[in-house]
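Counting in the working numbering, the sequence shown runs from 266 upward without gaps.
In this text, a Cβ means the ideal position worked out from N, Cα and C, and glycines have one as well.
Encoded as structure tokens, the structure appears first; notes follow it.
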Amino acid sequence: MVMVSASPLSSQQPAYKPGLPREQVAERFGIEPAEIAKLGSAENPFGPSPKAQAAIETGKTKIDLYPEWSSRLLREAIGKRFGFDPECVACGAGETEVISLVIRAFSRPGDPILMYEPCFPIYHIFAENEGRVPVYVRMGQDFDLVVDQYIARLNETKPKIAFITNPHSPSGKLMAEADIRRICEAAGDGTLIVLDEAYIHFTETPGGIELTRDHRNLIVLRTFSKAFGLAGLRLGFGIAANKDLITPLMNLKPTWNLGAMQTAGGIAAIEDDEHVARTVKMIVEMRAYVTEQLAGLNSFRMVPGSRSNFFLLEVVDQSLNSTDVFQGLLKRGVIVKDGSDSFRGLGDRYLRVDVSLKKNMDRLVWALKDLSAAQG
Ligand SMILES: Cc1ncc(COP(=O)(O)O)c(C=O)c1O
């Protein structure tokens with residue numbers, strides 16, 4: 266008898282480790298959920314775009330019908346926003362789905378895929394799930410994006426796909442536009458450059474969508490989960506002036522991958538500049554605030570230079586590692602990401618911490634001080 270079994274590739278892969286939910290920590294430590302500072306998933310503490318929320322209510326009235334399979338209206342709205350045809354846009358259930366489609370559409374089993382180490386784990390998890398081979402570029406001092414080294418690895422390994430996250434996760438460092446252009450040119454026709462701009466709003470720069478007009482091997486990916494506050498809606502997109510990069514994604518995607526509520530929410534959100542501007546203003550102010558507050562601590566150091574809505578915190582106190590600090594913060598009602606089990610290659614001296622509302626930043630700083638005092 267033939268037994269059904271999982272593919273050896275998929276069964277070997279540990280799943281992505283997301284930031285912990287508030288309720289789980291509240292129950293375990295007896296803390297009011299509202300008091301918990303949730304700083305592990307880089308969500309928007311202001312919540313969803315109100316315009317998107319209203320549109321989702323309207324979308325609800327259509328859930329008895331199959332949605333239009335290509336999300337045409339959403340692709341039109343995104344295209345219009347950036348001055349592109351709808352055929353230049355492909356949408357997915359989160360940017361995560363678009364990443365999986367890109368890997369499947371533009372590489373084959375055994376092909377190398379280039380990325381920094383550490384990076385957003387979904388790149389190597391999905392690559393390995395599909396039998397592709399992640400190849401890594403080490404980062405410089407304080408996680409600097411050493412672009413010459415990236416280009417050297419590109420020339421050496423000739424990957425089919427090369428990921429850049431801008432600003433980078435987990436460091437928050439921003440790569441200059443000139444460097445992205447340099448990478449696209451060095452890569453040539455044989456490598457697809459995937460520029461992941463999940464957090465681009467927080468850098469207060471326009472990002473690289475326009476660069477796709479000059480570089481036919483470049484696709485830009487974005488999400489509605491961060492600045493738009495719609496992580497639970499599951500919506501993201503890929504955009505490129507070169508339509509040949511988009512058609513394979515449309516052909517490969519699960520037919521009805523987005524429902525009526527997702528497309529309605531996305532169309533409203535992409536136009537909601539007010540919600541995004543309010544969010545970005547708060548993040549930029551709080552990034553400066555928490556930088557100042559953490560400068561006074563001896564046991565911890567903020568890795569400088571983040572342009573995102575999170576930063577890396579280094580554990581300077583040698584008697585503690587990142588897991589000790591992660592657990593110590595949890596007990597005190599602060600959820601962050603433990604670098605040692607959230608990011609391959611990051612090691613056990615770092616945590617990724619979100620920038621958030623002042624009350625959450627104050628709780629973080631209090632908890633870190635309290636943790637140090639309990640140590641000493
Ligand atoms: C760098 C990066 N890219 C993409 C995503 C995925 O976003 P989505 O929620 O749209 O799947 C994340 C989510 O945390 C991320 O950190």
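Assuming contact is defined by CB atoms lying nearer than 9 Å, are residue 351 and residue 340 in contact in what I supplied?
Between residue 351 and residue 340, the CB-CB gap stays under 9 Å.
Report yes or no: do the segment 620-632 and the segment 299-316 share at least 3 C-beta pairs separated by less than 8 Å?
The segment 620-632, when compared against the segment 299-316, does touch it at the 8 Å Cβ threshold.
Any heavy atom of ligand 1 closer than 8 Å to the beta-carbon of residue 579?
Residue 579: no, Cβ never under 8 Å from ligand 1.
With DSSP as the reference, please indicate the residues paired to residue 269 in a beta bridge.
Per DSSP, residue 269 has no beta-bridge partner at all.
Assuming residue 591 and residue 603 make a contact with CB atoms under 8 Å, what is their CB distance in whole Å?
About 4 Å separates the Cβ atoms of residue 591 and residue 603, confirming a contact at the 8 Å cut-off.
Would you say the beta carbon of residue 427 comes nearer than 8 Å to a heavy atom of ligand 1?
Annotation for residue 427 indicates a beta carbon at 8 Å or more from all heavy atoms of ligand 1.
To the nearest whole angstrom, what separates the beta carbons of residue 531 and residue 367, a pair I think is in contact under 8 Å?
That pair is no contact at about 19 Å.
Assess contact between the segment 464-472 and the segment 599-618, defined as three or more Cβ pairs (one per stretch) separated by less than 8 Å. Is contact present?
The segment 464-472 is not in contact with the segment 599-618.
Return yes when the C-beta of residue 544 is under 8 Å from any heavy atom of ligand 1, and no when it is not.
No, since every heavy atom of ligand 1 falls outside the 8 Å radius drawn around the Cβ of residue 544.
Given residue 310 as reference, the closest of 548, 562, 451 once Cα atoms are compared
Answer by Cα proximity: 548.
Inter-stretch contact at 8 Å, needing at least 3 Cβ pairs: the segment 607-622 / the segment 312-332:
Taking 8 Å as the limit for Cβ pairs, the verdict is that the segment 312-332 does not touch the segment 607-622.
Outcome for residue 295 when other beta-carbon atoms lying within 10 angstroms are tallied against a minimum of 16
Label assigned to residue 295: exposed.
Proximity winner among 286, 448, 490, relative to residue 476 (alpha-carbon distances):
Selected option, being the one with the closest Cα: 448.
Closest Cα partner of residue 558 within the set 623, 584, 507, 587:
Residue nearest to residue 558 within the set 623, 584, 507, 587 is 623 (criterion: CA-CA distance).
Are the CB atoms of residue 511 and residue 483 nearer to each other than 9 Å?
The answer is no: Cβ separation not under 9 Å.
Rounded to whole angstroms, what is the Cα-Cα separation between residue 426 and residue 291?
For residue 426 and residue 291, the distance between alpha carbons rounds to 41 Å.
Check whether the Cβ of residue 387 lies closer than 8 Å to any heavy atom of ligand 1, and answer yes or no.
True, at least one ligand heavy atom lies under 8 Å from that Cβ.
I think residue 416 touches residue 451, with their Cβ atoms under 8 Å apart; what is that distance to the nearest whole Å?
Confirmed, Cβ separation roughly 5 Å.
Check whether the segment 536-544 touches the segment 371-388, counting contact only when three or more Cβ pairs, one atom from each stretch, lie closer than 8 Å.
The segment 536-544 makes no contact with the segment 371-388, as fewer than three CB pairs between them are under 8 Å.
In or out: residue 421 buried (at least 16 other Cβ within 10 Å) or exposed?
Exposed.
Provide the residue(s) that pair with residue 383 in DSSP beta bridges, ordered along the chain.
Bridge partners of residue 383: none, in fact.
Buried or exposed: which applies to residue 642, given that a residue is buried once 16 or more other Cβ atoms fall within 10 Å of its Cβ?
Given that the chain is displayed from residue 266 to residue 641, the structure contains no residue 642 and the question cannot be resolved.
Suppose the cutoff is 8 Å on Cβ atoms and the five residues either side in sequence are ignored; what does the same chain contact list for residue 662 look like?
The structure shown does not extend to residue 662, since the chain spans only 266 to 641, so no value can be given for it.
Residues near residue 323 by beta carbon distance below 8 Å, same chain, minus five either side:
The residues 529, in chain order, have a CB closer than 8 Å to that of residue 323 in the same chain once the five nearest residues on each side in sequence are set aside.
Length at least 3, wholly inside the segment 274-347: the beta strand (DSSP E) runs in chain order:
If one requires a minimum length of 3 residues, no beta strand (DSSP E) run lies completely within the segment 274-347.
To the nearest angstrom, how far is the alpha carbon of residue 445 from that of residue 394?
Straight-line Cα distance between these residues: approximately 28 Å.
DSSP three-state label for residue 508, please.
Helix, per DSSP.
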